[in-house]
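A quick write-up on the structure given underneath.
Numbering (the numbering used here), first residue to last: -3 to 207.
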């Protein structure tokens, strides 16, 4: 098995220490963050997520997988954080109020950084007022990315998009939405500029707003 395949397996079965060691090994082999994320981390979490859907009693497995991918994420963030020094632009990112999920958001944040963006990660359970405050405090931000895994948090996402639009009548700020609860149809209904269902796609769409 390749190192990437071993990393994917380590995340799927929930072995954080193995995941850390294998990320370091991937970097030593000259693999890029995009390759590590796209070929190991994202597929592993998708696999773990499918397992959870079919075996929802096994919560420990999905939690261990999430911890494993977080360890891998931290290593890549430490290595590629310097990409923000000469960034393509600034992106504000957060999971909406009522939702505490951060694995997908963290992968998107890492992918944005790897693509050359400066990322202001607000975290999880972020209210409409917190998003607006972040936009006001970071006038250089050109994109706001909003995430939600829970359908119960969708009304809050819609409200955040509405408030951002009101704050930015000239539509200079681009709004991206994503997460397990979101669809392209909902994104259009909410008034977002873009929807993505993967970290790779999110980064690629963000680039189109800059060029």
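Ideal Cβ positions, reconstructed from N, Cα and C, are used throughout, including at glycine. Bear in mind that the values here come from a model prediction, so they are computed numbers and not experimental data.
In the DSSP assignment, residue 89 falls within the unbroken beta strand (DSSP E) covering 86 to 92.
Counted as a single uninterrupted DSSP element, the beta strand (DSSP E) harbouring residue 139 occupies residues 137 to 143. Segment contact: the stretch 22 to 29 against the stretch 181 to 192, fewer than three CB-CB distances shorter than 8 Å; contact not assigned. Uninterrupted beta strand (DSSP E) stretches at least 3 residues long and entirely within the stretch 132 to 188 occur at 137 to 143 and 170 to 174, given in chain order. For residue 196, the enclosing alpha helix (DSSP H) starts and ends at 195 to 206.
The beta carbon of residue 11 lies closer than 7 Å to those of 64 in the same chain, with the five residues before and after it left out. Within the same chain, 14, 15, 18 and 64 come within 7 Å of residue 6 by CB-CB distance, once the 5 residues on both sides are set aside. Pairing residue 142 with residue 94 gives a Cβ-Cβ distance that is not under 8 Å. Annotation: the continuous beta strand (DSSP E) that includes residue 190 extends over 190 to 192. Checking the DSSP bridge columns, you'll see residue 114 partnered with 86.
When the alpha-carbon of residue 34 is set against those of 56, 193 and 206, the nearest one is in 193. In the structure shown, the three-state DSSP call for residue 121 is strand. By the CB criterion at 8 Å, residue 131 and residue 140 fall inside the cutoff. In this structure, residue 128 keeps its C-beta atom at 8 Å or more from the C-beta atom of residue 176. Taking each of 44, -3, 0 and 108 in turn and checking the Cα distance to residue 83, the smallest one comes out for 108. Straight through space, the alpha carbons of residue 124 and residue 188 are spaced by roughly 15 Å.
If you look at residue 14, you'll find it in the alpha helix (DSSP H) that goes 12 to 24. In the DSSP assignment, residue 7 falls within the alpha helix (DSSP H) that extends over -1 to 9. The C-beta distance from residue 201 to residue 190 rounds to 5 Å, short enough to meet the 8 Å contact threshold.
Rounded to the nearest angstrom, the gap between the Cα atoms of residue 136 and residue 195 is 23 Å.
When the beta-carbon positions are compared, residue 156 and residue 92 come within less than 8 Å of each other.
Counted as a single uninterrupted DSSP element, the alpha helix (DSSP H) harbouring residue 32 occupies residues 29 to 32.
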